[in-house]
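Enquirer: One line per chain: the protein sequences are A and B, in this order.
Here UniProt numbering is used: the first residue of the first sequence is 1, the next is one more, and so on.
Here UniProt numbering is used: the first residue of the second sequence is 1, the next is one more, and so on.
C-beta atoms are modelled at their ideal positions from N, C-alpha and C, and glycine is treated no differently.
Structure below; questions to follow.
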Amino acid sequence: MSTRAEPTEGKTKGGKALSAGARQERRLGRLLCAPAVLVMTAVTAYPIGYAVYLSLQRYDLRFPAQAEFVGLSNYGAVLSSPFWWDAFWVTVFLTAVSVAIELVLGMGLALVMHRTLFARGTVRTAVLIPYGIVTVVAAFSWQYAWTPELGYLAELLPSGDAPLTEQWPALWLIVLAEVWKTTPFMALLLLAGLALVPEETLKAAMVDGATPWQRFTKVMLPLMKPAILVALLFRTLDAFRIFDNIYVLTAGAHGTGSLSILGYDNLFTALNLGIGSAISVLIFLCVGIIAFTFVKLFGAAAPGAEVKR
Amino acid sequence: MAAAGTSHATRWGVVNVVVVLYALFPVWWIVALSFKDPGTLTDGDYIPRDWTWENYRGIFATSEFTRALVNSIGIALIATVIAVILGTMAAYAVARLRFPGKRLLIGMSLLIAMFPPISLVSPLFDIERSIGIFDTWPGLIIPYMTFSLPLAIYTLSAFFREIPWDLEKAAKVDGATPAQAFRLVIVPLAAPGVFTTAILVFIFCWNDFLFAISLTSTESARTVPAAIAFFTGSSQFQQPTGSIAAAAVVITVPIIIFVLLFQRRIVAGLTSGAVKG
Numbered sequence: 001m002s003t004r005a006e007p008t009e010g011k012t013k014g015g016k017a018l019s020a021g022a023r024q025e026r027r028l029g030r031l032l033c034a035p036a037v038l039v040m041t042a043v044t045a046y047p048i049g050y051a052v053y054l055s056l057q058r059y060d061l062r063f064p065a066q067a068e069f070v071g072l073s074n075y076g077a078v079l080s081s082p083f084w085w086d087a088f089w090v091t092v093f094l095t096a097v098s099v100a101i102e103l104v105l106g107m108g109l110a111l112v113m114h115r116t117l118f119a120r121g122t123v124r125t126a127v128l129i130p131y132g133i134v135t136v137v138a139a140f141s142w143q144y145a146w147t148p149e150l151g152y153l154a155e156l157l158p159s160g161d162a163p164l165t166e167q168w169p170a171l172w173l174i175v176l177a178e179v180w181k182t183t184p185f186m187a188l189l190l191l192a193g194l195a196l197v198p199e200e201t202l203k204a205a206m207v208d209g210a211t212p213w214q215r216f217t218k219v220m221l222p223l224m225k226p227a228i229l230v231a232l233l234f235r236t237l238d239a240f241r242i243f244d245n246i247y248v249l250t251a252g253a254h255g256t257g258s259l260s261i262l263g264y265d266n267l268f269t270a271l272n273l274g275i276g277s278a279i280s281v282l283i284f285l286c287v288g289i290i291a292f293t294f295v296k297l298f299g300a301a302a303p304g305a306e307v308k309r
Numbered sequence: 001m002a003a004a005g006t007s008h009a010t011r012w013g014v015v016n017v018v019v020v021l022y023a024l025f026p027v028w029w030i031v032a033l034s035f036k037d038p039g040t041l042t043d044g045d046y047i048p049r050d051w052t053w054e055n056y057r058g059i060f061a062t063s064e065f066t067r068a069l070v071n072s073i074g075i076a077l078i079a080t081v082i083a084v085i086l087g088t089m090a091a092y093a094v095a096r097l098r099f100p101g102k103r104l105l106i107g108m109s110l111l112i113a114m115f116p117p118i119s120l121v122s123p124l125f126d127i128e129r130s131i132g133i134f135d136t137w138p139g140l141i142i143p144y145m146t147f148s149l150p151l152a153i154y155t156l157s158a159f160f161r162e163i164p165w166d167l168e169k170a171a172k173v174d175g176a177t178p179a180q181a182f183r184l185v186i187v188p189l190a191a192p193g194v195f196t197t198a199i200l201v202f203i204f205c206w207n208d209f210l211f212a213i214s215l216t217s218t219e220s221a222r223t224v225p226a227a228i229a230f231f232t233g234s235s236q237f238q239q240p241t242g243s244i245a246a247a248a249v250v251i252t253v254p255i256i257i258f259v260l261l262f263q264r265r266i267v268a269g270l271t272s273g274a275v276k277g
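Written out as structure tokens, the structure reads:
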């Protein structure tokens, strides 16, 4: 899609200034990007457009013959349903709490990785394991740990407690699983930010009598702000689509289903593509709003904005 | 003075041990479970009393697992190769060439990096069924390579920016076209970055669960994470816990090997795309 619109001889003003080499460079640039752009458009833009179309239809896979255009009524049905709002608030809770905890822990972890006197490689390797491990595997490990009569963690609880079968304990355990898995990623992003804090500035602050806490809040944090915002943006959007951990830990039962679980259930147990698509589009809009808020309100530099510098 | 130094070191030692334990404990637990025989499965011990390969023999005896393992490896490898090739081309253009539309490409990748996969599940499910790739390898390879492309483009363009420019210029001075400069000069220099990106993309594809359970319905394309979830059936209590644990360990091994061998590169790759600049 990007190979057309060559600067032709017709537009000689720029064409003359553009050397043959520069023109070749433009052409090559577009040629090289074309496949990636094509794939990304075909696999995301087209389906999301199709989802918008489906969401305006009554389309139940059990009764495909009854498909017809119903306008916005699917959206009305979703937004007036308590299922949507329950899942929405569960997702907001899980996202806000886990990202907040991850930020604090991740910062601690980043400082450890940055400052530790020895075994730095070992620490970094260990920390990468939660990042790399398959989420489903980790989720099963947690699930077994908390299952009565099987797990070591369940044994610490008063007997008879099955934390995964009650809403609030289960939600906190989901937060725990999510935090364990993704804090390392947060820490690595923050570590890269820490590396940008000049050692001399910290020394100067120390000479001027700043306490460690002051050095952290007055020197490090402001310098790390861009890295922190990027890490927060990444993790917030990622946490908002939480699915794997919940699916394995509780399957969304006992009021722990997130929006992604709701969308999945709607498609595969209710087999309703119209409603399912409406949910898809609404989740997409939520994510869009979060990203927009981060970029506009907090001025998070979009990753990749580096090109401007 | 020496005493103060020692206590400082001890403190860091304790902190390091805590961090390592935090990272490894759940992993150890599932490893321990996988080596327990069914009789002692529920004893809650951290170290199995009788080590047994029983669970591993059990899963490798069923096509349910071996087929899924083949699917996982094949699908993740193919998706990785395609994503890295397309990503390398685009990232080279982003890092090295001036052309209109570059910002559009970056914006688009960013959008896709943020895209909630669940939003695509319903439409892809329908589209894939109608064109006949539902429950096939391409049916999973296509979304995987798409969703890993932004990761590939960011990481690679960050690596590419650090390649010495002058060598390429020198090649051009010697009469190479931009395409030749790319193929003969940059590709060999970029190989380490490409390799790191391939690992990250592979981990991403290896990890996916949502597409794997939504876009497959039989053994023919189901990957291990999805297959494991189906080992369990519907109720959570009479489960083949040992089999799940063993299967979980098997798919964790490659990741641990990657991490052990390429720790430094992975850290560089993960952080370069996001923060540098």
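Name, please, each residue of chain A whose Cβ falls closer than 7 Å to the Cβ of B/S92.
Expert: As a first step, residue 92 of chain B must be located in the second sequence, where it is residue number 92. As written in the sequence, residue 92 of chain B is Tyr, which differs from the Ser given in the question. What B/Y92 touches in chain A: L32.
Enquirer: So, helix, strand or coil for B/F204, using DSSP?
Expert: Stepping through the second sequence from its first residue, residue 204 of chain B is reached at position 204. Assigned with DSSP and collapsed to three states, B/F204 falls in helix.
Enquirer: Can you pull out the residues from the segment 36-66 of chain A whose beta carbon lies closer than 7 Å to at least one beta carbon of chain B?
Expert: A36, V37, V39, M40, V43, T44, P47, I48, Y50, A51 and L54
Enquirer: Under a CB-based cut-off of 8 Å, is B/A179 close to chain A?
Expert: The residue labelled residue 179 of chain B in the question sits at position 179 within the second sequence. At least one chain A Cβ lies under 8 Å of B/A179.
Enquirer: Between B/T155 and B/G269, how many whole angstroms is the CB-CB distance? I'm expecting something under 8 Å.
Expert: Taking the second sequence and counting its residues from 1, one reaches residue 155 of chain B at position 155. Taking the second sequence and counting its residues from 1, one reaches residue 269 of chain B at position 269. Contact holds; Cβ gap of about 5 Å.
Enquirer: Run the CB neighbour count on B/A179, radius 10 Å, all protein chains shown included, and call it buried at 16 or more, exposed below.
Expert: Stepping through the second sequence from its first residue, residue 179 of chain B is reached at position 179. The residue is exposed, with fewer than 16 neighbouring Cβ atoms inside 10 Å.
Enquirer: Pull up the distance between the alpha-carbon of B/A212 and that of B/T136, whole angstroms please.
Expert: Counting from 1 along the second sequence, the entry for residue 212 of chain B is found at position 212. Counting from 1 along the second sequence, the entry for residue 136 of chain B is found at position 136. Using only the alpha carbons, I get a separation of about 11 Å.
Enquirer: For A/Q57, list the residues DSSP reports as bridge partners.
Expert: Here residue 57 of chain A is taken as the residue at index 57 of the first sequence, counted from 1. The partner list for A/Q57 (beta bridge, DSSP) reads A/F69.
Enquirer: State whether the segment 160-179 of chain A contacts the segment 252-259 of chain B, with contact taken as three or more CB pairs (one from each stretch) at a distance under 8 Å.
Expert: no
Enquirer: Taking A/A270 as part of the alpha helix (DSSP H), name the residues at either end of that continuous run.
Expert: Stepping through the first sequence from its first residue, residue 270 of chain A is reached at position 270. Here A/A270 belongs to no alpha helix (DSSP H), and DSSP marks it neither H nor E.
Enquirer: Just the Cα atoms here: how many angstroms apart are B/S234 and A/Y59?
Expert: Start at 1 with the first residue of the second sequence, and residue 234 of chain B comes out as number 234. Start at 1 with the first residue of the first sequence, and residue 59 of chain A comes out as number 59. Caution is warranted here: a pLDDT of 37 is assigned to B/S234, below 50, making its placement in the model unreliable, and the coordinate value is therefore given only provisionally. If I take the Cα positions, the gap works out to 27 Å.
Enquirer: Measure the alpha-carbon distance for A/S277 versus A/C286 and round it to whole angstroms.
Expert: Taking the first sequence and counting its residues from 1, the one referred to as residue 277 of chain A is at position 277. Taking the first sequence and counting its residues from 1, the one referred to as residue 286 of chain A is at position 286. Distance between the alpha carbons of A/S277 and A/C286: 14 Å.
Enquirer: For A/W33, which option in B/F159, B/K102 and B/A113 has the closest C-alpha, if you only look at C-alpha atoms?
Expert: If you number the first sequence from 1, residue 33 of chain A lands on position 33. For the record, residue 33 of chain A in the displayed sequence is Cys; it is not Trp. Of the candidates B/F159, B/K102 and B/A113, the one whose C-alpha sits nearest the C-alpha of A/C33 is B/K102.
Enquirer: Please classify B/S243: is it buried, with 16 or more other beta-carbons within 10 angstroms of its beta-carbon, or exposed?
Expert: Locating residue 243 of chain B in the second sequence gives position 243, counting from the first residue. Answer is buried; the Cβ neighbour count reaches 16.
Enquirer: Between the C-alpha atoms of B/I255 and A/G121, what's the straight-line distance to the nearest angstrom?
Expert: As a working note, residue 255 of chain B is residue 255 in the second sequence. As a working note, residue 121 of chain A is residue 121 in the first sequence. If I take the Cα positions, the gap works out to 17 Å.
Enquirer: For B/I251 versus B/S109, is the C-beta distance shorter than 8 Å?
Expert: By one-based count along the second sequence, residue 251 of chain B stands at place 251. By one-based count along the second sequence, residue 109 of chain B stands at place 109. Taking 8 Å as the Cβ cut-off, B/I251 and B/S109 do not qualify as a contacting pair.
Enquirer: Can you tell me which of the three DSSP states A/A138 falls into?
Expert: Along the first sequence, read from residue 1 onward, the residue named residue 138 of chain A stands at position 138. In the structure shown, A/A138 sits in a helix (DSSP, three-state: H, G or I).
Enquirer: Between A/A270 and chain B, is there a C-beta pair that is closer than 8 Å?
Expert: Against the first sequence, residue 270 of chain A aligns to sequence position 270. For A/A270, the answer is no, since every Cβ of chain B falls outside 8 Å of its Cβ.
Enquirer: Residue range of the alpha helix (DSSP H) that A/S258 falls in?
Expert: Numbered from 1 along the first sequence, position 258 holds the residue referred to as residue 258 of chain A. A/S258 -> no alpha helix (DSSP H), and no H or E assigned at all.
Enquirer: Could you pull out every unbroken alpha helix (DSSP H) segment of at least 4 residues lying fully inside the segment 176-255 of chain A, listed in chain order?
Expert: 199-207, 221-240 and 244-249
Enquirer: Let me know the secondary structure DSSP gives B/I47 once reduced to three states.
Expert: Along the second sequence, one-based indexing puts residue 47 of chain B at 47. DSSP places B/I47 in coil when its eight states are reduced to three.
Enquirer: Which residues in chain A sit within 7 Å of B/F125, going by Cβ to Cβ distance?
Expert: In the second sequence, counting from the first residue as 1, residue 125 of chain B sits at position 125. Ordered by position in chain A, the residues that pass the 7 Å Cβ test against B/F125 are L267.
Enquirer: Would you call A/E102 buried or exposed, if buried means 16 or more other Cβ atoms sit within 10 Å of its Cβ?
Expert: Here residue 102 of chain A is taken as the residue at index 102 of the first sequence, counted from 1. Buried is the call here.
Enquirer: Note down, in chain order, each residue of its chain lying with its Cβ closer than 7 Å to the Cβ of A/L153, except the 5 sequence neighbours on either side.
Expert: One-based indexing of the first sequence puts residue 153 of chain A at position 153. So the qualifying residues of the chain are A145 and W146.
Enquirer: Can you pull the chain A neighbours of B/P225, defined as C-beta to C-beta under 7 Å?
Expert: In the second sequence, the residue the question calls residue 225 of chain B occupies position 225. Ordered by position in chain A, the residues that pass the 7 Å Cβ test against B/P225 are V134 and V136.
Enquirer: Measuring alpha carbon to alpha carbon, tell me which residue in B/R98, B/K172, B/I118 and B/L200 is nearest residue 278 of chain B.
Expert: This structure cannot settle anything about residue 278 of chain B, because the visible part of chain B is limited to 1 through 277.
Enquirer: Could you tell me whether the Cβ of B/Y56 comes closer than 8 Å to any Cβ of chain E?
Expert: Here chain E cannot be found, since the structure's protein chains are A and B.
Enquirer: Just the chain A side, please: which residues come within less than 7 Å of B/R67 by C-beta, in chain order?
Expert: Here residue 67 of chain B corresponds to residue number 67 of the second sequence, with the count starting at 1. Residues of chain A passing the Cβ test: none, with the nearest at roughly 17 Å.
Enquirer: Under 7 Å between beta-carbons, which chain A residues line up against B/V259? List them in chain order, please.
Expert: Along the second sequence, one-based indexing puts residue 259 of chain B at 259. Residues of chain A passing the Cβ test: T125, L128, I129 and G132.
Enquirer: Between A/T256, A/Y247 and A/A187, which lies nearest to B/A23 when the distance is taken from Cα to Cα?
Expert: Position 23 of the second sequence, counted from the start, is the residue given in the question as residue 23 of chain B. Taking only the C-alpha atoms, the option nearest B/A23 is A/A187.
Enquirer: Exposed or buried, which one is B/A221 when buried takes at least 16 other CB atoms within 10 Å?
Expert: Position 221 of the second sequence holds residue 221 of chain B. Result: buried.
Enquirer: Counting only Cβ pairs nearer than 9 Å, list the residues of chain A close to B/N71.
Expert: For this step, residue 71 of chain B is matched to residue 71 along the second sequence. For B/N71, no chain A residue has a C-beta closer than 9 Å to its own C-beta; the minimum C-beta separation is roughly 14 Å.
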